[in-house]
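Heads up: the protein sequence lines correspond to chains A and B, in order. At position 367 of the first sequence (counting the first as 1) the number is 368 in the numbering used here, and the numbers step up by one without a gap. At position 7 of the second sequence (counting the first as 1) the number is 3 in the numbering used here, and the numbers step up by one without a gap. Below: the structure, in structure tokens.
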Amino acid sequence: MTQIKRYKSERLACWQQAKELRNKHYRDIWEAKEKGKVLATGGEYSFIPLVAGLGDYEFLGGEPYGATVGTDQNLATECAEAAEARGFARDMCSYMRLYWGSMFLDKSPWGKFVKPDFCLSWHLCESHGKWYQLVSEHMGIPSFVIEIPLGPRTQNRREAQIRYLVAQMEEAIDWMQKVTGRGYDDGLLIEAVSNEIDATAIWAKCCELNKNIPAPLDLKSMFSLYVISSLIRCQPEAADFFRTLYDEVKYRVDNQIAALATERCRLYHDAEPVWHFLQLFRIAEKYGAVVPASFYAFVVGTAFEADENGHWLPAKTMAERGAPLKNRGEALELLATSYVDRPGLWGWMPQQKVTDSLSIYRDWQCDGAILHLNRGCEGLTQGLTEAALALKAAGAPTMVYESNMVDPREFSPTQVVDSLESFLESLGLTKLDD
Amino acid sequence: MEAFSVVDNRHEYAREWKKRTGGPVVGVLCSYVPEELIYAAGALPVRVLGSHEPQDVAEPHIFSMFCPFSRDVLAQGLTGKYDYLDGMVHGLSCIHMRQAFDSWQVHVPTPYSYFFPMPAHLQSPHAHKHLEFEILEFKRSLEEWTGKAITDTALDEAIEVYNRNRRLMKQVYELRKGDPPLLSGVDAMEMVLASLFMDKKEHNPALERWSGEITQRRNTIEPGIRLMVLGSENDDREVLRLMESLGANVVIDDHCTGSRYFWNEVLPQKDRLSAIASRYIDRPPCPSKDLVERRRFDFVLKLAEDYGVQGAIQIQQKFCDPHEFDIPPLKALFEERDIPSLFLELDVTVPVGVLRTRIEAFLEMMQMEELV
Ligand code: SF4
Ligand code: SF4
């Protein structure tokens, strides 16, 4: 019998803190109105620092909310059906359908649905603006959209995109003041932008450490961690949390502490997972396969930049950038630049995704790829078919499964598990004894 | 229809045009591409339309949950139907077509290829400036490709030819307001489809001749239920033929391959690029660009009123996300106005039997209501 190498492995010390931060966030949202806070809603990357300038606030991000509803299969089905009963097609963004269903039914995991004061959404995927158009109509609340300009990257275009974003943000600030009747504090905006820059950059540094063998983090755990960036990245707690996490992950790397003690194969995963079936990754682990890298996880809440050869590197923190922000103009420009420079968002073009997938696959030292043709998200499935072809052409063993990230009616566990196990066996892996 | 039977020979037309003029032919995937620039660069813009033939070559490239039209488009590229194209341009609209364009670039490379990043939030007061920037970039790129400057004179001429085309088609659409209309919905669709790939300098005189003939000839169209068709990309003449064979008059549409393509003109200004930007911002919107207010619905309702519409058929390419957002609220709006509406889903080929039954039932229901 061949001897399997075993690394040291231990649970993350800051795991509990992450859980508490997540729970507190939703509690804060549901109590926002009674505490006199502004409550806004929109896509999860909707330039939340802009809202911070209004004073005490909370922000309900649509995608993480959809994912949260999706973890309760009964509620998810009920919400999906409520959206369908109103004529909305089953193939539309499934986060959005669960959010809408929850709003139509006035039902959430924490009691009734909340009524935000306004919608402020980014518009990257074509669903974003339309999502909150309906929320605004149904709830009778005002809505504002900030478009992320797309297109292949050139220096000229980069500058024009930053100008377009800054102009929209300036307008959003005036608009929010008008619809809420509140004043605006640039100091709070600057603080929130700085927090976002730090939280997303430090989290990217943690992800970068996963290039190491053994990987200090596995994807299932990363999903529980990145959500801190996704939910509260503008708050100081998020950057603090990621600083602590970074130290811990660095320690794990220096001391060969693995996420998976039996790591002997590294897999790349994209797009969103099936949220109520994250044990899929545990099944892979039984074969000694860990997932250290994912285009999706590295785009969401993570500030990577790409060098001239297409390698993803963490963006700079505020300290690394040098001078602190002095005024509103600088804050908006930095915020805009941090979006425009993010390779995952460049052009939001399928071919870019192919290039990025190959680059991440190689840099994170993967041995195989698992791609989720997610029927619930057209945004992240664009480019995935071509990525599968390109990965295979580059010699990467690749498995594709079709399912839905939050609609349990479109997920067949047996089929997906069977395909995964056959795939792992085709990589020469066998199930390890517990 | 004789006047625009060229629709059935569109590839031959483009090949012949290329031979005759020596100019390049550029495929276009979205009605938000500012074709005036391509035309001013001396090239012929040709919108890639559906083939309506079953295929299985696009599957590895386009997710099965993306719309059948995007797969049909790519399949035609992969099977060489558009092998005469010298260039390919896509304007940012929906994700599905972006994937088709992207895969086309990789697997059917053309000497020239350009992604035109049309902004989505056209109601933003800042969109115009950004669009102007993109139009200028596009102009530069075309100039680099052809090796020739696009002069103001060439732009003026292109704008004039395009505006004339738009005006003439709108005049023909006016003839659909009568009861019965002076032309069928199928004829109107063929007219616009021809405009989508013909040299407009050739389409314009054909249009003038034809509209003259329509007004002179004896009208043989029987009065029927006046329908509006609206929704996703639609170049399926069979579906319209079916509706009209069952006693309907299709009198108006809201499709990007119909009225939305030509409804408004470029209003000339000294700054030509700014004038073009305004035209594309002010045109009747695609649902994907109808943010934050809903302006498309006003356009649709105005058409319904102006053309005396009695019923509406919402046509959707299966899985077409942009229209899936608008279909339920539009249905409710039609209901509020007492305009019965029917929803039909299109695939590459249409199951005629099923469609016939549904359309027949819809028209019968309307006829009954009229009797009551
Ligand atoms: S990218 Fe996916 S999850 Fe996000 S809004 Fe678009 S369809 Fe929904
Ligand atoms: S039919 Fe709809 S989904 Fe398909 S290309 Fe057109 S807009 Fe996109």
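Beta carbons are placed, not taken as given, at the ideal position from N, Cα and C, and that holds for glycine.
Restricted to the segment 153 to 236 of chain B, the beta strand (DSSP E) segments that are unbroken, complete and at least 3 residues in length are 221 to 227, listed in chain order.
Identification of residues in the segment 57 to 90 of chain B having a C-beta nearer than 9 Å to some C-beta of chain A yields His57, Ile58, Phe59, Ser60, Met61, Phe62, Leu88, Ser89 and Cys90, given in sequence order.
For Val418 (chain A), the uninterrupted alpha helix (DSSP H) run begins and ends at Pro414 to Ser427, by DSSP.
Going by C-alpha positions, Asn213 (chain A) is about 10 Å away from Asp364 (chain A). Comparing alpha-carbon positions, the option among A:Glu79, A:Leu125, A:Val194 and A:Lys116 lying closest to Pro325 (chain A) turns out to be A:Val194.
Using a Cβ distance threshold of 8 Å, Val168 (chain B) and Gly254 (chain B) do not count as a contacting pair. If you check each beta-carbon in the segment 307 to 326 of chain B against every beta-carbon of chain A, the ones closer than 7 Å belong to Phe315, Asp317, Pro318, Glu320, Phe321, Ile323 and Pro324.
Placement of the Cβ of Ser60 (chain B) at a distance of 7 Å or more from every heavy atom of ligand 2 is found.
Under the Cβ criterion (8 Å, minimum of three pairs), the segment 219 to 234 of chain B does not count as touching the segment 150 to 164 of chain B.
Gln310 (chain B) has its CB no nearer than 7 Å to any heavy atom of ligand 2. Under the Cβ criterion of 8 Å, Ala173 (chain A) is not counted among the residues facing chain B. Against chain B, the CB of Asp57 (chain A) has no partner CB under 8 Å away; the residue lies outside that interface.
Shortest gap from the CB of Ser423 (chain A) to any heavy atom of ligand 2: 7 Å or more.
Between Leu151 (chain A) and Pro113 (chain B), the gap from beta carbon to beta carbon is short of 8 Å.
Between the alpha carbons of Gly243 (chain B) and His199 (chain B) lies a gap of roughly 30 Å. By the beta-carbon neighbour count (other beta carbons within 10 angstroms, threshold 16), Val348 (chain B) is exposed. Within its own chain, the residues whose Cβ lies closer than 8 Å to the Cβ of Arg183 (chain A), once the five positions on either side in sequence are excluded, are Val39, Leu55, Gly56 and Met177, listed in chain order.
In the three-state DSSP reduction, Gly304 (chain B) falls in the coil class, being neither helix nor strand.
In this structure, Cys316 (chain B) has its beta carbon less than 7 Å from a heavy atom of ligand 2. Around the C-beta of Glu35 (chain A), fewer than 16 other C-beta atoms lie within 10 Å, and the residue is accordingly described as exposed. Within the same chain, and ignoring the five residues on either side of Ala150 (chain B) in sequence, the residues whose Cβ sits closer than 7 Å to its Cβ are Ala36. Contact of Met93 (chain A) with chain B by beta-carbon distance below 8 Å involves Asp317, Glu320 and Phe321. Ser274 (chain B) sits away from Cys90 (chain B), with the two beta carbons spaced by 8 Å or more.
Taking 7 Å as the cut-off, the C-beta of Glu229 (chain B) counts as close to a heavy atom of ligand 2. Of all residues, those with a beta-carbon under 6 Å from at least one heavy atom of ligand 1 are A:Glu64, A:Cys94, A:Tyr96, A:Met97, A:Cys126, A:Ser128, A:His129, A:Cys378, A:Glu379, A:Gly380 and A:Leu381, reported in chain order. As DSSP reads the structure, Trp123 (chain A) sits in a beta bridge with A:Ile147.
Just so you know, the alpha carbons of Phe295 (chain B) and Asp175 (chain A) end up roughly 30 Å apart. When rounded, the separation of the alpha-carbon atoms in Lys77 (chain B) and Phe193 (chain B) is 14 Å. Residue burial is scored here from C-beta neighbours: Pro65 (chain A) has at least 16 other C-beta atoms within 10 angstroms and is therefore classed as buried.
Considered as a whole, the segment 152 to 218 of chain A harbours 156 to 181 and 187 to 210 as its complete alpha helix (DSSP H) runs of no fewer than 4 residues, in chain order. For Ile284 (chain A), the enclosing alpha helix (DSSP H) covers residues Gln280 to Lys287. For Asp82 (chain B), no alpha helix (DSSP H) segment is defined, and its DSSP state is neither H nor E. Pairwise C-beta distances place the segment 303 to 318 of chain B out of contact with the segment 131 to 139 of chain B, as fewer than three of them are shorter than 8 Å.
The beta carbon of Val146 (chain A) falls within 8 Å of a beta carbon belonging to chain B, placing the residue at that interface.
The alpha carbon of Ala397 (chain A) has as its nearest neighbour, out of A:Ala389, A:Glu403 and A:Ser404, the alpha carbon of A:Ala389. When DSSP states are grouped into helix, strand and coil, Phe299 (chain A) belongs to the helix group.
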